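Novice: In my numbering, the protein residues as written are 3 to 252.
1. Assign residue 114 to one of three DSSP states: helix, strand, or coil.
2. For residue 97, write down the residues that DSSP places opposite it in a beta bridge.
3. Can the beta-carbon of residue 205 be found closer than 8 Å to that of residue 157?
4. Short check: CB of residue 217 to CB of residue 126, under 8 Å?
5. What does the alpha-carbon distance come out to for the pair residue 186 and residue 70?
6. Quick test of the definition: if touching needs 3 or more C-beta pairs under 8 Å, does the region 238 to 250 touch the region 222 to 230?
7. Name the residue from 170, 211, 35 and 189 whose alpha carbon lies nearest to the alpha carbon of residue 140.
8. Do residue 72 and residue 45 count as a contact pair if the criterion is CB distance below 8 Å?
9. Check whether the region 30 to 50 touches the region 146 to 154, taking contact to mean three or more Cβ pairs, one atom from each stretch, closer than 8 Å.
10. Would you call residue 86 buried or exposed, if buried means 16 or more other Cβ atoms sit within 10 Å of its Cβ?
11. Would you say residue 98 and residue 129 are within 8 Å of each other, going by their C-beta atoms?
12. Excluding the five sequence neighbours on either side, which residues of its own chain have a C-beta within less than 7 Å of the C-beta of residue 13, listed in chain order?
13. Threshold first: 4 residues or longer. Then list the alpha helix (DSSP H) segments lying entirely within the region 21 to 97, N to C.
14. Looking at residue 246 and residue 122, is the spacing between their C-beta atoms short of 8 Å?
Right, dumping it as structure tokens:
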């Protein structure tokens, strides 16, 4: 089937329709991102039970390259910042570079949270679904939100007592008038509605990451996508009130 043309905000061109929402169809690795995707999945399965995490982070490269277990050679956030927020807890980092919602669904279906009983699960996924490559098409805001709904449903089924924190997709691109910015606004509106419906905590740190004129600084996101330590600090500060008190965390 010929792939439909895309408008700038990620919707199918007029008169076309997508036959399936790819954001909700579980698939394994799609893209190359400077690490071994399959090896990381293997490492997760090897350590998750003995780690018995109190906090699970689910996401893409922005989560992956913050730190924690499994260890990663690529780290964009400082160890000091990671320790300042997560030192009191056992933390499993299920961030995988270049992952889309459909990759997360595959990983959840293939054991990465089986048997775990975390107190808190932090979900930060969807930004890569806005990108079109030879391996996967871009998704609309509605499709991406549907993918996150499926992720949340699986997490709740596996860890019914866990509190779920859903992060808004972080701003991307330097200028506020970039088409991807509009798509991200649409995604986050749907995420907020989903979080309210499902009883998740919804956190949007977009305003803290942007300058007053709406531009995204390289001091916050060095490539206008991935966070610097200053960007991770904003994320950490927003998460702190939603983590369990170390005195009663388990």
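Glycine included, each C-beta is placed from N, C-alpha and C at the ideal position. Predicted model only: the values in this text are computed from it and were never measured.
Specialist: Judging by the given coordinates:
1. Here residue 114 corresponds to residue number 112 of the chain shown, with the count starting at 1. In the structure shown, residue 114 adopts coil according to DSSP, grouped into three states.
2. Position 95 of the chain shown, counting from 1, holds the residue named residue 97. Looking at the DSSP assignment, residue 97 forms a beta bridge with 61.
3. As a working mapping, residue 205 is identified with position 203 in the chain shown. As a working mapping, residue 157 is identified with position 155 in the chain shown. Between residue 205 and residue 157, the C-beta spacing is not below 8 Å.
4. Translated into positions along the chain shown, residue 217 becomes position 215. Translated into positions along the chain shown, residue 126 becomes position 124. Cβ atoms of residue 217 and residue 126: not closer than 8 Å.
5. One-based indexing of the chain shown puts residue 186 at position 184. One-based indexing of the chain shown puts residue 70 at position 68. About 27 Å.
6. By the Cβ criterion, the region 238 to 250 is not in contact with the region 222 to 230, since fewer than three pairs of Cβ atoms, one from each stretch, lie closer than 8 Å.
7. Numbered from 1 along the chain shown, position 138 holds the residue referred to as residue 140. Looking at 170, 211, 35 and 189, the one whose alpha-carbon comes closest to that of residue 140 is 189.
8. Translated into the one-based positions of the chain shown, residue 45 becomes position 43. Translated into the one-based positions of the chain shown, residue 72 becomes position 70. Going by C-beta atoms, residue 45 is nearer than 8 Å to residue 72.
9. With the cut-off at 8 Å, the region 30 to 50 and the region 146 to 154 do not touch.
10. To locate residue 86, count along the chain shown from 1; it is residue 84. So residue 86 ends up on the exposed side.
11. What you label residue 98 is simply residue 96 of the chain shown in a count that begins at 1. What you label residue 129 is simply residue 127 of the chain shown in a count that begins at 1. Remark: C-beta atoms of residue 98 and residue 129 do not approach each other more closely than 8 Å.
12. As a first step, residue 13 must be located in the chain shown, where it is residue number 11. Confidence at residue 13 is low in this model, with a pLDDT of 49, below 50, so the placement of that residue should be treated as unreliable; the coordinate-derived value is given next. Cβ neighbours of residue 13 beyond the five flanking positions: 142.
13. Within the region 21 to 97, the complete alpha helix (DSSP H) runs of at least 4 residues are 39 to 53, 63 to 66 and 81 to 88.
14. As a working mapping, residue 122 is identified with position 120 in the chain shown. As a working mapping, residue 246 is identified with position 244 in the chain shown. Cβ atoms of residue 122 and residue 246: closer than 8 Å.
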